[in-house]
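Contents: one structure, followed by commentary.
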């Protein structure tokens, strides 16, 4: 087993997955839960984040069920993406982090290809919205959003290429 710090690309993937666990739990998933379930410090952090980068999707108040005070119904597509992230991707983040740490990338091959393909199809509409939509936003605001979200497309695309090019032959049994 080669140490993680000797495998720079795997180290990038490991950092990506471990940080994504934190962001999924404490940032992204807030939009799918009722406000009363969210601790006040996370509500405050969410509002700070929304204000800082002017994120049009992550404001938890716009995801509440009151149609008179929220954009809940027009953001169902986004809530669906986040629900998939929470239910399907989050467990994979733990699995991928573990396998990368212990230099077992071959076990990531099939689930990783599925994950990378799925994530590309969910992040791409967000990036397209930031670049081609949001006419009320200044170019620099759209660029900041693009830069914040783009690693969640580009790292999985690099990982996808890495996994596709990985040796497909089964691991050889060690002989003594």
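In this note's numbering, the protein residues as written are -4 to 171. By construction, the Cβ of each residue, glycine as well, lies at the ideal position given by its N, Cα and C atoms. The structure displayed is predicted, hence computed values, not measured ones.
If you run the structure through DSSP and keep just helix, strand and coil, what is residue 76? Reduced to three states, the DSSP call for residue 76 is helix.
How is the alpha helix (DSSP H) around residue 22 delimited, first residue to last? No alpha helix (DSSP H) holds residue 22; DSSP gives it neither H nor E.
Would you call the CB atoms of residue 129 and residue 141 closer than 8 angstroms? Taking 8 angstroms as the Cβ cut-off, residue 129 and residue 141 do not qualify as a contacting pair.
State the DSSP-derived secondary structure class of residue 163, mapped to helix, strand or coil. Coil at residue 163, not helix or strand.
Give the list of continuous beta strand (DSSP E) stretches no shorter than 3 residues that lie fully inside the segment 28 to 113. None, since the segment 28 to 113 contains no complete beta strand (DSSP E) of that length.
If you compare alpha carbons, which of 149, 91, 25 is closest to residue 173? Because the chain is modelled from -4 through 171, residue 173 falls outside the range shown and cannot be assessed.
Helix, strand or coil: how does DSSP classify residue 142 here? Of the three classes helix, strand and coil, the one that applies to residue 142 here is helix, per DSSP.
Taking C-alpha atoms, which residue in 164, 149, 71 lies nearest to residue 8? Among 164, 149, 71, the Cα nearest to that of residue 8 is on 149.
Does the segment 101 to 116 come close enough to the segment 13 to 22 that 3 or more CB-CB pairs lie under 8 angstroms? The way I'd put it, the segment 13 to 22 doesn't touch the segment 101 to 116; fewer than three beta-carbon pairs between them come closer than 8 angstroms.
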